[in-house]
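Q: Chains as they are written, first to last, in this note's numbering: chain A, 1 to 830; chain B, 1001 to 1830. Virtual Cβ for every residue (Gly too), placed ideally from N, Cα, C.
(1) Can you grab the Cα-Cα spacing for the pair residue 1229 of chain B / residue 1066 of chain B, in whole Å?
(2) To which residues does DSSP link residue 1331 of chain B through a beta bridge?
(3) Span of the alpha helix (DSSP H) holding residue 1821 of chain B?
(4) By Cβ distance, which residues of its chain are closer than 6 Å to residue 663 of chain A, with the 5 residues on each side in sequence left out?
(5) Which residues in the same chain have their Cβ closer than 8 Å to the Cβ of residue 1759 of chain B, if we skip the five residues on either side of it in sequence?
(6) Report the rounded CA-to-CA distance for residue 1740 of chain B versus residue 1475 of chain B, giving the unit in angstroms.
(7) Could you give the residue range of the beta strand (DSSP E) that holds residue 390 of chain A?
(8) Helix, strand or coil, according to DSSP, for residue 1453 of chain B in the structure here?
(9) For residue 1507 of chain B, count neighbouring Cβ atoms within 10 angstroms of its own Cβ and tell me buried if that reaches 16, exposed if not.
(10) Would you tell me roughly how many angstroms separate the C-alpha atoms of residue 550 of chain A and residue 557 of chain A, rounded to the nearest one?
(11) Taking all protein chains shown into account, decide if residue 1096 of chain B is buried (16 or more other Cβ within 10 angstroms of its Cβ) or exposed.
(12) Do you know how far the Cα of residue 117 of chain A is from the Cα of residue 472 of chain A?
(13) What first and last residue would you give for the beta strand (DSSP E) that runs through residue 1015 of chain B?
(14) Should residue 1273 of chain B go down as buried or exposed, given a rule of 16 or more other Cβ atoms within 10 Å for buried?
(15) Name the one or two DSSP bridge partners that residue 1267 of chain B has.
(16) What does the Cβ neighbour count give for residue 1623 of chain B, buried or exposed, with the cut at 16 atoms within 10 Å?
(17) What does DSSP give as the partner residue(s) for residue 54 of chain A in the beta ladder?
(18) Since residue 751 of chain A meets chain B, which of its residues come closer than 7 Å, beta carbon to beta carbon?
(19) Counting only the same chain and skipping the five closest in sequence on each side, list residues whose C-beta sits under 7 Å from that of residue 1721 of chain B.
(20) Looking at C-alpha atoms only, which residue of A:800, A:788, A:773 is the closest neighbour of residue 750 of chain A?
(21) Tell me which residue opens and which closes the alpha helix (DSSP H) that residue 1471 of chain B is part of.
(22) In three-state DSSP terms, what is residue 1400 of chain B?
(23) For residue 300 of chain A and residue 397 of chain A, I'd like the C-alpha separation in whole angstroms.
(24) Does the segment 1614-1631 of chain B come close enough to the segment 1668-1678 of chain B that 3 or more CB-CB pairs lie under 8 Å?
(25) Take residue 1491 of chain B and list the residues in its own chain whose beta-carbon comes closer than 6 Å to its own, dropping the five residues that flank it on each side.
(26) So which residues on chain A does residue 1392 of chain B lean against when the C-beta distance must stay under 7 Å?
(27) For residue 1388 of chain B, which residues from the same chain have a beta carbon less than 7 Å from its beta carbon, with the 5 sequence-adjacent residues on both sides left out?
(28) Can you tell me which of the three DSSP states residue 1533 of chain B falls into?
(29) Just to confirm, are residue 1340 of chain B and residue 1297 of chain B a CB contact at a threshold of 8 Å?
(30) Report all residues from its chain with a CB closer than 7 Å to the CB of residue 1314 of chain B; omit the five preceding and five following residues, and keep chain order.
(31) Let me know the secondary structure DSSP gives residue 9 of chain A once reduced to three states.
(32) Suppose you measure from the CA of residue 748 of chain A to the CA of residue 794 of chain A; what does that come to, to the nearest Å?
(33) Closest Cβ-Cβ distance between residue 665 of chain A and chain B: below 8 Å?
(34) Using the beta-carbon count (16 or more within 10 Å), is residue 1342 of chain B buried or exposed?
(35) Taking C-alpha atoms, which residue in A:128, A:94, A:120, A:93 lies nearest to residue 108 of chain A?
(36) Look at the Cβ atom of residue 159 of chain A, then the Cβ atom of residue 406 of chain A, and state whether they are nearer than 8 Å.
Here it is as structure tokens:
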């Protein structure tokens, strides 16, 4: 996906001219604007440029020629096709292939060229008019609508309205299509519409939206005129109109909005520092200049304006001419683990808008709507877990976990006859686990720096030690924690990551199970403690530091937790008789798939890696493809039954106002279907193949989206693989500064050697992160990432391409090299 | 706003024909479809109708005439203007005023008429084609875009694509404008486009979206033909094409989608019962037939399909012909207290789509974006609370309250040197208060049925008694709880609700303050308990049962809590020196404005009614105008400072992945601005006037939206008023079955007399609720509402009109009468 910088250059005012339809007068408007700025009075000298990115037809009819004739300033066309048809038709018959990226890069380069020499300080400014072709959504050479093709540049728009019959409708629709794609329409220009009243109507329509409309007199009637007469007439038209009040106001608006956008970007960090309390942030040490201002985002890339800490400022690599205000940075944390289908994905925008238009939010207690049911059914189907039958909606992972815990504790208390209101019922979990920041979710995590100063936190449970999976020096290993070889056995090596998950070969682990039983005996039998749930993140503990747990240990834990006698059952014979093979036993098992589920690790369900089925499963983050918060807690029938009773108070008395909000559910249902298509597409096939999987990907781009078991099956991979290249993973694991690496699905985490004795270590990962973001490489590639202690991690979205990921890998390796060299230099000085 | 039933009739297949632009052949397509069904083979007999809702120009050129000539079935035009211009222009010059409501009602009535006689069982089905005018967004007589005008009917759409140059763009844009408004586009029809390739392109574009495109041969060239020749040629064209494969497939699609929609609505409740775990619901007793299926919603109305419990089925009032599948019900709980700007508000849909298109979600830790900052600034400004300086975002009221409590406890523990990890720090609150369902929020509420079976709940705090405000028998009163006259004084009566809030006259209450201090002395001095916050909902306790607390008591509580010595300060002299008049003292004061704030009670801040300023203020529900979840916790500088330190662990280590999600923030910023405009508009003026306020409303419809202090000031009312009529409130309070009534802002709550001894009481409110929903009145008005114990409450959105609310009031009074009569009849039988 394109990683061009958005088209915002400090001293060059760039606008894209879109038309409400073909034939509305875009070229005339472009010419007028050009001429206006050339002749505009005042202290500023304007250098004007005109660009037609794509032109079809014979050269003598090209728009740039027309503009050049009447406007006398620089004009250019980037891509030309001789056939006088739509670009996507012309491109098919042409030997020249122009991808969207090429087109955008070319336009981007041209804008930088136009910006050269312009300088606000010296009173020389540039204006570049980029004229689009046809209507807003007319296809470009690749066949994609041009508003999608040019979206990475997100140029501000002057929309030429349609002054003809039907033009009110087409102008507003065109505007809406731009808005959905995140464009800022800064002005509407419309030719006189006379009795039709388009101008008056549109003016009134756009006024409350803060968008002015500028009316322009009709183009002179040149029918029957000689060629020379026509040219003279038009010259005179342009002479007069370029100096009209309308054009002055329009010019003013164009300049003002450009300046306002720069001002917004410049002041955002300080305004943020003033008004915002950031999550997980020690504000004492944060300066405005350290706050990243995002203008927008598209695909895998943020468009970023930095404060004083501009890339290139304190490095030797000059990133860009000073004109360039924004630069793209790879969203290397998938925006806190949420991103799946790319920023600004028009399909998700449309899904959100449709549900908003059809429902808004409709209350869900005692009621229902299609998106909520559709999503619930998709989740239950996709999980392929026969235990799960019911879906409870909340707003985020933390609230979803609270619900899961309430479910499990109630079921356990009921079966074992415990009184939760007086007895301490704990949960079982893993060391380093994390489940969210509301109190109930926090209580399910062991004491750590995150809850140390949460005054109501007590930590209710026991958290197990476990062996970890790591790649060290190019080899996969399962390692016991330091000093626990006796409990877990010695380090085991594996040639292939798949072997670690091959439970047929590895078998059950009597050692693991004995260890777990021993711990439980101590807790339950010796200390008399009570437990009401086992809660864990399958495979990968996220916030705990991207810890890859030996899946066999997790499987063993589930097995033991299910057969262990946590207490004598107090159920009636009738209740006992209702239990079946899918009922929970021991304690209810909760899989927190908030981070790991829904294809983050390459599979619909991360629990499936453990080849065991949870009784309760929690899903959020990727659920909406990375657009907005929503959470689903899935539960089994035997959990659900624990809440059936004659009293209202027997029910699960939990709910949020926006429970199952239609916008979230519809976006999520759309997103799940898209994710399943991506999962069986060519995009993922290359990665799977690199990790040793056979079979081919499919071209799914044009298939109607629907959820079928067949599609799901083809999307499921039974192998373990990663979106990161196996060679790269091996290489980096062999680097002297790298302690170990883990990767699975879209996640890569690099643990740096702890050199705390030498004094550099504690912030080595943070230094690497900053270096990847601020000290740009020769190919000007910035990567935004996050660290957890001495671990730096990277996360792709499900639609990241191999090209993009290769670039990210290159940057990481390069910056690691630079960091190491610097450290050595400093050490040698001491 | 229109309360027409959506246009879904069981045995009448209705489609609206929209055009991608004017002149694309809508009338020809309508004619073809009509002819096709007339002549369609098979067992079913089709009765075809054609409706042109609005027609301008001379009668001989009307579309219905054209269709009638070629299709030979019933045709009609609902509204005619002789002038051959756009309807909105023609309407201006016409003496006949057609409001949108009238137009929709007329069309709705015509559809019911068309449905008469049709019956699936007997193999006689109807097809009605409703042809729109111009493009999708062409203005109707009122000037609103017709897709907005007809939205209440939400007819399925056949979109006629544009086969001409530029038609690819205009067709997709038209489709997107329909989608944003919640329409289902079921088919695209497009005339041959030849070399332009529109048909091929559009087919490919819509295929993955599941929408088929049907190509139709060009209309015969009749230029130069005689009138008769033209007619003959067209007849022959229609003869052939109406029987073409394309038309058969299109007809099939139209029928299938109609049947599928019916099936979805019919099966939604049972599918819901299968897959959904509802919030706050005892599932043991719920049958599928009791689950309301919402097809959609618009303005204040749900479009509802009921199961077996159809309205009219067990009442004498026949509501509608059996054909009508959906009926509108007033959303009387404002969709669980969230709704502010109406369901399906296109401005909010567009805001959501724009932010999704521009950002998707972008990570917020260490970063920022415009919508988050804009919203934060709007909130801080709108609150007019000089203490508040910082905004922390979370996803819903419950998580926002958890954050508020974490903030307050930390600040208190720090100042008083308490160790929260070992000492029990409680909160102070009011009896009957409720703050959310996550554990931390639950802990701040007193024990009740809601947390009785939450196994980790302990209830950490003390909850005060207080006097209540009620209207009884037409008179406002402040009443002490039973048996507490000594503590709170005897019942006080007030002529005007404003007098209750007139603290200048009422003065401080030494009695209230002495009582509060006495309680605190007992808790703190005698029992040694520690408290870290005062948490309360200003004015109205929502989930506790719509309890209207004496505002003077709440003010007294804040005053005492601020001056009481909860412990000796452990701050350094330096820290003490930093305290100023805006710093918290005693304990931090948290106002939970989640339900009461943002104009729910008629003012931006409900805390402002108490004439005191909180240190922490929590806002959700109405924040996004009723579209999706988002919460903002606002805090003062002295609270913020408590988290500044050298350690990361000193910071507020709380955050959700979608913190400050751009979609939510932008929708909320848009919504706040809209709410402020509504608050000073004519809409509210009538209510304010009825409650004794002077001054006039303004026509704000066409003003550009921006937040300025002037606008805010004009939106603020210093008086207390309600959207419900004062006469109605008085009348209902005098009803024999009514114990008392409260109203303020958009909220009305009616407490029924507790007749539990006679055995009818416990479900009287529920009976009233069901009667309002299922036993429809003569004017067929259904109201969806919620009850809390023996309280039935109603809540308007901020844009509800007087007309709608009057209707709701009528229904409530009428049903109350019916209920009373029934009870008397039953009693007399005994």
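A: From the atom records:
(1) Counting from one through the second chain, the residue named residue 1229 of chain B turns up at place 229. Counting from one through the second chain, the residue named residue 1066 of chain B turns up at place 66. It is roughly 15 Å from the alpha-carbon of residue 1229 of chain B to the alpha-carbon of residue 1066 of chain B.
(2) Sequence index remark: in the second chain, residue 1331 of chain B carries index 331 (1-based). Partner(s): B:1784.
(3) Counting from one through the second chain, the residue named residue 1821 of chain B turns up at place 821. It spans 1802-1829 - the alpha helix (DSSP H) in which residue 1821 of chain B sits, taken as one unbroken run.
(4) Taking the first chain and counting its residues from 1, the one referred to as residue 663 of chain A is at position 663. 352, 355, 356, listed in sequence order.
(5) One-based indexing of the second chain puts residue 1759 of chain B at position 759. Low per-residue confidence applies at residue 1759 of chain B: pLDDT is 46, beneath 50, and the placement is therefore not dependable enough to give any value.
(6) Indexing the second chain from 1 puts residue 1740 of chain B at position 740. Indexing the second chain from 1 puts residue 1475 of chain B at position 475. Looking at the two C-alpha atoms, the distance is approximately 10 Å.
(7) On the first chain, position 390 is the one that residue 390 of chain A refers to. 388-394 is the extent of the beta strand (DSSP E) around residue 390 of chain A.
(8) Numbered from its first residue, the second chain carries residue 1453 of chain B at position 453. Residue 1453 of chain B falls in the coil class under three-state DSSP.
(9) By one-based count along the second chain, residue 1507 of chain B stands at place 507. It is exposed - the Cβ of residue 1507 of chain B has fewer than 16 other Cβ atoms within 10 Å.
(10) Stepping through the first chain from its first residue, residue 550 of chain A is reached at position 550. Stepping through the first chain from its first residue, residue 557 of chain A is reached at position 557. Approximately 11 Å between the Cα atoms of the pair.
(11) The count along the second chain starts at 1 and reaches residue 1096 of chain B at position 96. Exposed, because fewer than 16 other Cβ atoms sit within 10 Å of the Cβ of residue 1096 of chain B.
(12) Numbered from its first residue, the first chain carries residue 472 of chain A at position 472. Numbered from its first residue, the first chain carries residue 117 of chain A at position 117. If you take the alpha carbons of residue 472 of chain A and residue 117 of chain A, they lie about 52 Å apart.
(13) For the purposes of this step, residue 1015 of chain B is identified with residue 15 of the second chain, where counting begins at 1. Here the beta strand (DSSP E) through residue 1015 of chain B covers 1012-1019.
(14) Residue 1273 of chain B sits at position 273 when you count from the first residue of the second chain. With 16 or more Cβ atoms within 10 Å of its Cβ, residue 1273 of chain B is classed as buried.
(15) What you label residue 1267 of chain B is simply residue 267 of the second chain in a count that begins at 1. DSSP, once it has assigned bridges, lists no residue as partnering residue 1267 of chain B.
(16) By 1-based counting over the second chain, the position of residue 1623 of chain B is 623. The residue in question, residue 1623 of chain B, is buried, as its Cβ has 16 or more Cβ neighbours within 10 Å.
(17) Within the first chain, the letter at position 54 stands for residue 54 of chain A. Per DSSP, A:79.
(18) Taking the first residue of the first chain as position 1, residue 751 of chain A is located at position 751. Within chain B, no residue comes near residue 751 of chain A; the closest Cβ sits about 19 Å away, beyond 7 Å.
(19) Against the second chain, residue 1721 of chain B aligns to sequence position 721. 1602, 1687, 1688, 1691, 1693, listed in sequence order.
(20) Within the first chain, residue 750 of chain A is the residue found at index 750, counting from 1. Here the closest residue by C-alpha is A:788.
(21) Taking the first residue of the second chain as 1, we reach residue 1471 of chain B at position 471. That residue, residue 1471 of chain B, is in no alpha helix (DSSP H); its beta strand (DSSP E) goes 1468-1472.
(22) Residue numbering aside, residue 1400 of chain B sits at position 400 when the second chain is read from its first letter. In the structure shown, residue 1400 of chain B sits in a helix (DSSP, three-state: H, G or I).
(23) Position 300 of the first chain holds residue 300 of chain A. Position 397 of the first chain holds residue 397 of chain A. Their Cα atoms are separated by approximately 23 Å.
(24) yes
(25) In the second chain, the residue the question calls residue 1491 of chain B occupies position 491. Within the same chain, residue 1491 of chain B has close Cβ partners 1477, 1479.
(26) As a working mapping, residue 1392 of chain B is identified with position 392 in the second chain. The answer, in chain order, is 277.
(27) Translated into the one-based positions of the second chain, residue 1388 of chain B becomes position 388. So the list reads 1380, 1617, 1634, 1635, 1636, once near-sequence residues are dropped.
(28) Looking up residue 1533 of chain B in the second chain gives position 533. Residue 1533 of chain B falls in the strand class under three-state DSSP.
(29) Your numbering for residue 1340 of chain B matches position 340 in the second chain. Your numbering for residue 1297 of chain B matches position 297 in the second chain. No.
(30) Here residue 1314 of chain B refers to the residue found at position 314 of the second chain. Any reading at residue 1314 of chain B needs caution, since the residue's pLDDT is 42, under 50, leaving its predicted position unreliable; the model's value is listed next. Taken in chain order, the list of residues that qualify is empty.
(31) On the first chain, residue 9 of chain A is found 9 positions in, with the first residue counted as 1. Strand.
(32) Taking the first chain and counting its residues from 1, the one referred to as residue 748 of chain A is at position 748. Taking the first chain and counting its residues from 1, the one referred to as residue 794 of chain A is at position 794. Answer to the nearest angstrom: the Cα atoms are 5 Å apart.
(33) By one-based count along the first chain, residue 665 of chain A stands at place 665. Answer no: the Cβ-Cβ gap between residue 665 of chain A and chain B never drops below 8 Å.
(34) Position 342 of the second chain holds residue 1342 of chain B. Answer is buried; the Cβ neighbour count reaches 16.
(35) Position 108 of the first chain, counted from the start, is the residue given in the question as residue 108 of chain A. Ranking the options by Cα distance to residue 108 of chain A, first place goes to A:128.
(36) Mapped onto the first chain, residue 159 of chain A falls at position 159. Mapped onto the first chain, residue 406 of chain A falls at position 406. No. Outside cutoff.
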